[in-house]
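S.K.:
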Amino acid sequence: MNIDFTDEDRAFREEIRSFLAAALPADLRRKMIERRHLGKEDIVRWQRTMNARGWAVPAWPVEWGGQPWTPTQRYIFQEEMALAHAPEGSPFNVNMIGPVIARFGTEEQKHRFLPATANIDIWWCQGFSEPGAGSDLAALKTSAVLDGDHYVLNGQKIWTTQAQHADWMFALVRTDNTGRKQQGITFLLLDMATPGITVRPIPSIDGIRDLNEVFFDDVRVPAGNRIGEEGRGWDYAKHLLGHERSGIARIGLSKERLSQLRHLEADMADKGMLDDRECARLRRKLAEAEVELRALELTQLRVVAADAAGGGANDAASILKVKGTELQQRMTELTLELAGPAGLAVPGHDDHGDDRDLDPADGQGWIAAAAPYYFTMRKVSIFGGSNEIQKNIIAKTVLGL
Amino acid sequence: MNFDLTDEQRMLAEMLTSFVADRYGFEQRLAAMGEPGGFSRARWQELAELGVLGLPFDEADGGLGGAGIETMVVMEALGRGLVLEPFLATVILAGGALRIAGSPEQKTARIGAVVAGARIMALAHSEPHGPRHTVERIATRAEPAGAGWHLRGAKTAVIAGATADEFVVSAATDAGVSLFLVDRDLPGTVVTPRRGYDGVALADLSFDGVVLAGDALLGAAGQGSAILTELFEQANAALCAEAVGVMADILAATTDYLKTRTQFGVAIGSFQALQHRAVDMLMQVELARSMAILAALSLDRAPRERALNIAAAKAKIGQAGRFVGQQAVQLHGAIGLTEEYKVGHAFKRLTAIDALFGDADHHLDMIAEAGGLIPLG
Chain A
1 MNIDFTDEDR AFREEIRSFL AAALPADLRR KMIERRHLGK EDIVRWQRTM NARGWAVPAW
61 PVEWGGQPWT PTQRYIFQEE MALAHAPEGS PFNVNMIGPV IARFGTEEQK HRFLPATANI
121 DIWWCQGFSE PGAGSDLAAL KTSAVLDGDH YVLNGQKIWT TQAQHADWMF ALVRTDNTGR
181 KQQGITFLLL DMATPGITVR PIPSIDGIRD LNEVFFDDVR VPAGNRIGEE GRGWDYAKHL
241 LGHERSGIAR IGLSKERLSQ LRHLEADMAD KGMLDDRECA RLRRKLAEAE VELRALELTQ
301 LRVVAADAAG GGANDAASIL KVKGTELQQR MTELTLELAG PAGLAVPGHD DHGDDRDLDP
361 ADGQGWIAAA APYYFTMRKV SIFGGSNEIQ KNIIAKTVLG L
Chain B
1001 MNFDLTDEQR MLAEMLTSFV ADRYGFEQRL AAMGEPGGFS RARWQELAEL GVLGLPFDEA
1061 DGGLGGAGIE TMVVMEALGR GLVLEPFLAT VILAGGALRI AGSPEQKTAR IGAVVAGARI
1121 MALAHSEPHG PRHTVERIAT RAEPAGAGWH LRGAKTAVIA GATADEFVVS AATDAGVSLF
1181 LVDRDLPGTV VTPRRGYDGV ALADLSFDGV VLAGDALLGA AGQGSAILTE LFEQANAALC
1241 AEAVGVMADI LAATTDYLKT RTQFGVAIGS FQALQHRAVD MLMQVELARS MAILAALSLD
1301 RAPRERALNI AAAKAKIGQA GRFVGQQAVQ LHGAIGLTEE YKVGHAFKRL TAIDALFGDA
1361 DHHLDMIAEA GGLIPLG
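Sequences listed follow chains A and B, in order. Per our numbering, the first sequence starts with residue 1, numbered consecutively. Per our numbering, the second sequence starts with residue 1001, numbered consecutively.
Spelled out as structure tokens, the structure:
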């Protein structure tokens, strides 16, 4: 056993690090450090920079812009992105629909969508959840009825993140009500400009309007926009939710946060904003969070090393999502605690994200962002299969219960 | 980066796993506990014959030259059986003191017999009414007397103290804390056997002006605190691996119980509340396993990195062990509370492991005071 990265991997890390240090604009970096909400143009601008470098969609097939990286290199890349305070690309484009089209799409769909998706010329949103289909996603009811060479959609999606920005949606719809509920689900791509689509924003507790309801009223979608076969959408969706595990625990994000917290704590102590008792308590809490993070980091590295060796599933991999989200949430709690009562005054937002004065001399922007960040990050243990659903799955697949 | 065992390490693991399966069932363990000294001399001899007792010693001293990973493999296997024999006390602690500080003569006189299973040794450091986690503030004193020393003081909860042929005793001297080799038969040495709640045989010792020869000093005078610090790191790395073995074993026992115990006409493992507890146990076992590996791999790192990583491992494993032990008892219900079932014993052993050589809180304080861990890489 050994825990050290190879010289080759270290050189790779250096290459990533130096590019990011030079390429990431200062205003974006600052927003990320302070955990301010990013607007659409922030994300688009950065994804295009990364795409020009060839690193926007590294996990995709090489012919569609991916990189032939090893699992270890993918892990290093994600960690360096986080440590450099670089925004991640749109998860809907990069992690979800891209890999699905690359794997299951027709050649025509690949040519039409993949380059535009990598460059975020198309902004995608995800049409999965419905009012009656959350954890029990297969209970979805939005109907698609074939009429000539079009599907006609009626129904509703909900919790559709950033649908207000979206050019296209990838959606699961019901094409058959007979048989098991997982059958009869079809995967469709739809242009958000199609007549009959209504988007209604839902304000969320972080003060941001990124969640939406999307209503379909006789929306006509060309049958050519179907992914794969009719009735097999559930299989394609499972691929989308489960194909990448080198970054699932978000170790880099939590590391970056912990390092910022240590920095902020020391700075506040220097300025007399914390007394000795508070300092001791906070440092102890940071130590405990760091120990938990180190344990998860090692667990993630065990999974990465197993993947690099061509290994299959292992018990360690199953815990990464649950423990990773718990740690991310703990970091937001600690940030909020550090902000103290000054954190009550929060910024307003619009579609440009949080653009309050980015005066670099101030350095206190994180205080106003602490509470919204804490509130919004409750989502990470809910979306993508809630932590309780994860535990149901682990109980069944790992423990055999 | 590689977390696989080598073929030799895997063979060692398989050998010990079958030793524990064949020779260390729950009834066999109870029988060993009832033998004089609180463990089985026959099992100890078998471990010697398997070569286990020589693993961490240098080949030049009659050992096998194993490293931290070999010790991890051994301790995890011993943990699965809740093995009572004094591997930690004799091979890791007292043996470690010889490895770190022993003169060629001191090593030659002892290591061969330890490796052969013929000599039990124990580290006597903790004191009654003394500070709980210290390598410096010691009341036991050794005063120079002619060419040797006079030793006076008391030690408590000495692991394997009841059967040890010889003790490594920490004592204050004018030069600072020093370590001494003390034969149990020396006049003025009183050994009072005790039993730990985890079933491990202990002893309280007192030294009433025990006369030591000059060659009893182990390492230089005043070097004791540094040696003890390193020993406790090695012991904690070993205990982390033992705890992983204990936890993995009771997770398996608990999962089996959930599948076979029926109430309300169904296996209780079909209840979601119990499934989620079991999954929470699994998560802690996996995190603990990661930290035991980190501890073992940190033993040959620079002192600060080694100390902090092992502190993090022991802190995590103290917390994880408490959680997993409590949940295993809870999920078993009343059977988890009996002396007649393995899980209760495992719970007690995990409790003891946290208490030994600095508990979770102690190590978290240490990390906080150091300003955090050193990044991996």
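Beta carbons: idealized from backbone N, C-alpha and C, even for Gly. Model, not experiment: these values are computed from the prediction.
1) Please specify which runs of the alpha helix (DSSP H), each continuous and at least 4 residues long, are wholly inside the region 1212-1268 of chain B, giving them in chain order.
2) Could you tell me whether the Cβ of THR325/A comes closer than 8 angstroms to any Cβ of chain B?
3) Which residues in chain B have a C-beta closer than 8 angstroms to the C-beta of MET1/A? List them in chain order.
4) Can you give the Cα-Cα distance for ALA305/A and PHE1003/B, rounded to whole angstroms?
5) Which residues of chain C have a Cβ atom closer than 9 angstroms to the Cβ of ASP1058/B, listed in chain order?
6) Output needed in chain order: residues of the region 1311-1325 of chain B with a Cβ under 7 angstroms from some Cβ in chain A.
7) Quick one: which chain B residues come within Cβ less than 7 angstroms of THR299/A?
8) So what does DSSP say about THR186/A, is it helix, strand or coil?
9) Roughly how far, in whole angstroms, is the beta-carbon of HIS1150/B from the beta-carbon of ALA1139/B, given that I think they are within contact range, below 8 angstroms?
10) Is THR1173/B helix, strand or coil by DSSP?
11) Roughly how many whole angstroms lie between the Cα atoms of GLY1063/B and LEU1078/B?
12) Contact between the region 105-121 of chain A and the region 141-160 of chain A: three or more CB pairs below 8 angstroms?
13) Counting only C-beta atoms, is THR1255/B closer than 8 angstroms to chain A at any point?
14) Evaluate PHE1264/B with the Cβ neighbour count: other Cβ atoms within 10 Å of its Cβ, from every protein chain shown; 16 or more gives buried, anything less gives exposed.
15) Do we get a CB-CB distance below 8 angstroms when we pair MET1011/B with the residues of chain A?
16) Below 8 angstroms between beta carbons: does that hold for ALA166/A and MET192/A?
17) Skipping 5 residues on each side, what residues in its chain have a beta carbon closer than 6 angstroms to that of ALA370/A?
18) Do LEU241/A and GLY127/A have their CB atoms nearer than 8 angstroms?
19) Quick check on HIS1276/B - is its C-beta less than 8 angstroms from some C-beta in chain A?
20) Using a Cβ cut-off of 8 angstroms (strictly closer), state whether ASP218/A contacts chain B.
21) Where do the ends of the alpha helix (DSSP H) carrying GLY1153/B lie?
22) Mind reading off the beta-carbon distance from VAL1343/B to ILE1250/B? Whole number of angstroms is fine, and I expect it under 8 angstroms.
23) Are three or more beta carbon pairs between the region 1291-1301 of chain B and the region 1204-1224 of chain B nearer than 8 angstroms?
24) Any idea which residues DSSP pairs THR6/A with across the strands?
25) Could I get the ranges of all uninterrupted beta strand (DSSP E) runs contained in the region 1087-1132 of chain B, with 3 residues as the minimum, in chain order?
26) Hey, how far is the Cα of VAL322/A from the Cα of VAL303/A?
27) Any idea which residues DSSP pairs VAL1191/B with across the strands?
28) What is the residue span of the alpha helix (DSSP H) that MET984/B lies within?
29) For LYS321/A, decide whether its Cβ has a neighbour in chain B, counting only Cβ atoms nearer than 8 angstroms.
30) Can you tell me where the alpha helix (DSSP H) with SER143/A in it begins and where it stops?
31) Can you check which of these residues, ASP1361/B, GLU1340/B and LEU1123/B, is closest to PHE1026/B by C-alpha distance?
32) If we define contact as Cβ-Cβ less than 8 angstroms, is VAL291/A a contact residue for chain B?
33) For the region 153-163 of chain A against the region 60-75 of chain A, do three or more pairs of beta-carbon atoms, one drawn from each stretch, fall closer than 8 angstroms, so that the two count as touching?
34) DSSP beta-bridge partners for ASN212/A?
35) For chain B, is any of its Cβ atoms less than 8 angstroms away from the one on ARG294/A?
36) Let me know the secondary structure DSSP gives LYS271/A once reduced to three states.
M.R.: According to the structure shown:
1) Within the region 1212-1268 of chain B, the complete alpha helix (DSSP H) runs of at least 4 residues are 1224-1260.
2) no
3) ASN1002, PHE1003, ASP1004, LEU1005, ILE1069, ILE1293, ALA1296 and LEU1297
4) 7 angstroms
5) Among the protein chains of the structure shown, namely A and B, there is no chain C.
6) Answer set for the region 1311-1325 of chain B: ALA1312, ALA1315 and LYS1316.
7) GLU1286, LEU1287 and SER1290
8) strand
9) Not a contact, Cβ separation roughly 15 angstroms.
10) In the three-state reduction of the DSSP assignment, THR1173/B falls in the strand class.
11) 19 angstroms
12) no
13) yes
14) exposed
15) no
16) yes
17) THR335, LEU336, ALA339 and GLY343
18) Their beta carbons are not under 8 angstroms apart, which means LEU241/A does not touch GLY127/A by this criterion.
19) Yes, contact with chain A.
20) no
21) Run containing GLY1153/B: none in the alpha helix (DSSP H); it sits in the beta strand (DSSP E), 1148-1159.
22) 5 angstroms
23) no
24) BP columns for THR6/A are empty, so no partner.
25) Correct list: 1121-1124.
26) 15 angstroms
27) For VAL1191/B, the pairing in a beta bridge is given by DSSP as LEU1205/B.
28) Since the displayed chain B opens at 1001 and closes at 1377, residue 984/B lies outside it and no answer follows.
29) no
30) Unbroken run through SER143/A is the beta strand (DSSP E), 143-147; no alpha helix (DSSP H).
31) GLU1340/B
32) Interface with chain B (8 angstroms Cβ-Cβ cutoff): VAL291/A is included.
33) no
34) PRO201/A
35) yes
36) Here LYS271/A sits in coil by DSSP.
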